[in-house]
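Shown next, in structure tokens, is the structure this report addresses.
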Amino acid sequence: MRLHTDRTYELQLEKLRSSVLEMGGLVEDQIAQAMRALTMRDRDLAQATIARDHMVNRLDVEIDDLALKLLALHQPAARDLRLITTALKVTTDLERIGDLAEHIAERAQELAVELPIKPTIDLPRMADLARGMLHRSLDAFVREDEKLALAVCSADDTIDQLHEQLFCDLISFMADDPRTVSRAMRLLFVSKYLERVGDHATNIAEMVIFMVKGRSIRHLDRPPRDL
Amino acid sequence: MDMASSTLATAEVSSAKIVVRDLTVRYGSTLALDRVALDVGDRQVTALIGPSGCGKSTFLRCLNRMNDHIRNIRIEGSVSLDGVSIYDAAVDPVELRRRVGMVFQKSNPFPKSIFDNVAFGPRVHGLRDRVELREIVERSLRQAALWDEVKDRLDRSALDLSGGQQQRLCIARALAVEPDVLLMDEPASALDPIATAKIEELIHELKTQYTIVIVTHNMQQAARVSDTTAYFYLGRLVEVGPTEQIFTNPSRPETEDYVTGRFG
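This is the structure:
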């Protein structure tokens, strides 16, 4: 790829790209910390995670500002235009993931003061999968790798299945012992949050495919086999 | 050549007004156009973009044989208008230029009244009837979105008009002989943004009746006014396609580099 004749423009596009990555890395870490707080029953860590969400929000606003400035001042075209519109949409998904991490931390705080009811083994596995999807979708973004992005879209089914299974497990748990309902419900929420993280990572991956190929694969029943 | 045939595929339009094949132009030993093939859609706006010296103006001028009198020029290949080859010996270049009018970068009104500027073409073609001339002048000025601004001073010198008005006068003058095709060579590059917007608005209106080919260095202008965009580089047609596609997702990396400003 050749460089822009206008170096300022080139630098600003680079700044946009690195800001999206920075935001993505931060959000990934937020999920990890929130899950750690949940499994370790660490209220302080949960609180620290909640407090850090404002950094995600700040990046969201900054990236929006930069994208608007680029659109207004440089009349971007073709792949530059697709990069900027992708950044605008991707940050919305990242910001939502940040909120979900915050919610997980809130549930962690609530659960930490109650007795544990069930080894939360499936939730860390779901979290790993969701974080892995997010990580790979961001990798695909920075490397402009549409194949990697497509693989992320296909991985979403596994998380959905895990969520479904966890849902059944927790339902029977509650049926067996109604005293666990409030705790089981909170775990069920966490499962739903992680399932949503997978959805947002899929959205990001779909936008990456648009950015690279100029083709939208969103709102299909199944991701296409290849591009 | 692969490039020409692949770009041609995207250029297929339902009804082509002008069909260009294998057009090669040399100025002496300099190759200005290299086997260009392009279909110009009927009542569509086709924009030609590319850096200076890429051949887009040469191409435009081949469409009404404005290049005929250039010394040392050699033109090969075919250009047909409504299926008739315009370089055929039987074709009268004056009649051809009536059907294929031209508007230039620098507005060039004659040092005559507004009325006489617009009536010039019809008079050259033999029209003398005063009433008919008045009708043509009014209709042409209306089509060029200039009538309301000049209707009370048709006898004033065209040179008293503003730059933007002069350019619209030149468009009216081109329309007065009822052409099929309008060629525009950077029609707004010397105008301020408001006059430019008026010309662009005018292009939108004119394309309901006329086939328009426009050369522009302003890529945003090409994006705004045209249906089809053709990218020229070093005398070759690199890519042609729907304007929206050229500016959001062009097929060729050379086009991508140019429309995104990665050049030189």
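Keeping their order, the protein sequence lines are chains A and B.
Quick note: the first sequence, position 140, residue 140 per this note's numbering, numbers continuous.
If you want this note's numbering, it's the position in the second sequence, counting the first as 1, plus 1000.
Idealized CB from N, CA, C, for every residue including glycine.
It should be emphasised that the depicted structure is a prediction, and the values quoted were computed from it without experimental measurement.
- Taking the Cα positions, T1216 of chain B is about 10 Å away from P1051 of chain B.
- The alpha carbon of V190 of chain A has as its nearest neighbour, out of A:L166, A:M174, A:N203, the alpha carbon of A:L166.
- The beta-carbon of V1259 of chain B is placed less than 8 Å from the nearest beta-carbon of chain A.
- At a cut-off of 8 Å between beta carbons, G132 of chain A makes no contact with chain B.
- Between the stretch 65-72 of chain A and the stretch 93-106 of chain A, the count of C-beta pairs closer than 8 Å stays below three; the two stretches do not touch.
- Contacts with chain B at 8 Å (Cβ-Cβ) include L81 of chain A.
- For R2 of chain A, the chain B residues whose C-beta falls within less than 7 Å of its own C-beta are D1257, R1262, listed in chain order.
- P1242 of chain B has B:T1228 as its beta-bridge partners, per DSSP.
- Bounds of any alpha helix (DSSP H) do not take in G1126 of chain B, whose DSSP letter is neither H nor E.
- In terms of Cβ geometry, A46 of chain A and A37 of chain A form a close pair [threshold 8 Å].
- Interface annotation for the stretch 1230-1258 of chain B against chain A: F1247, T1248, N1249, P1250, E1256, D1257, criterion Cβ-Cβ distance under 7 Å.
- Near chain B, meaning a CB-to-CB distance below 9 Å, the residues of the stretch 66-95 of chain A are H74, Q75, P76, A77, A78, R79, D80, L81, R82.
- 8 Å or more divides the Cβ of R1168 of chain B from the Cβ of K1207 of chain B.
- For Q1167 of chain B, no CB of chain A lies under 8 Å from its own CB, so it is not counted at the interface with that chain.
- Around the Cβ of T5 of chain A, a 10 Å sphere holds fewer than 16 other Cβ atoms; the residue is exposed.
- E1132 of chain B is not bridged by DSSP to any residue.
- When DSSP states are grouped into helix, strand and coil, I50 of chain A belongs to the helix group.
- Its chain contains V1019 as the residues whose beta carbon lies nearer than 6 Å to that of S1080 of chain B, once the 5 sequence neighbours on both sides are disregarded; these appear in chain order.
- In the structure shown, the three-state DSSP call for L1175 of chain B is helix.
- Against chain A, a Cβ distance below 7 Å from Q1220 of chain B picks out Q75.
- DSSP places D176 of chain A in the helix class (H, G or I) of the three-state scheme.
- Scanning B:P1242, B:D1116, B:D1129 for the CA closest to the CA of A1047 of chain B turns up B:P1242.
- The residues G1163, G1164, Q1167, I1199, in chain order, have a CB closer than 7 Å to that of L1191 of chain B in the same chain once the five nearest residues on each side in sequence are set aside.
- A residue is called buried once 16 or more other Cβ atoms fall within 10 Å of its Cβ, and I1114 of chain B is buried on that count.
- Taking L13 of chain A as reference, the option from A:I50, A:D44, A:R82, A:R52 with the minimal CA-CA separation is A:R82.
- Closer than 8 Å to the CB of D6 of chain A there is at least one CB belonging to chain B.
- Around the CB of D156 of chain A, 16 or more other CB atoms lie within 10 Å, so the residue is classed as buried.
- The secondary-structure analysis by DSSP pairs V1213 of chain B across a beta bridge with B:T1046, B:L1183.
- For V190 of chain A, there is no enclosing beta strand (DSSP E); the residue is found in the alpha helix (DSSP H) stretching over 181-213.
- For Y9 of chain A, at least one C-beta of chain B is nearer than 8 Å to its own C-beta.
- The beta carbon of V20 of chain A sits closer than 7 Å to the beta carbons of I63, A87, V90, T91, F141 from its chain, once the five residues preceding and following it are set aside; these are given in chain order.
- Taking one beta carbon from each stretch, the stretch 1094-1109 of chain B and the stretch 1173-1185 of chain B have 3 or more pairs nearer than 8 Å; the two touch.
- By alpha-carbon distance to Q1221 of chain B, the top candidate from B:N1072, B:T1024, B:I1049 is B:I1049.
- For the 8 Å CB-CB criterion, T180 of chain A and I117 of chain A form a contact.
- Boundaries cannot be given for A1089 of chain B, as no alpha helix (DSSP H) includes it and DSSP labels it neither H nor E.
- Contact between I84 of chain A and L16 of chain A holds, with the beta-carbon distance rounding to 7 Å and staying under 8 Å.
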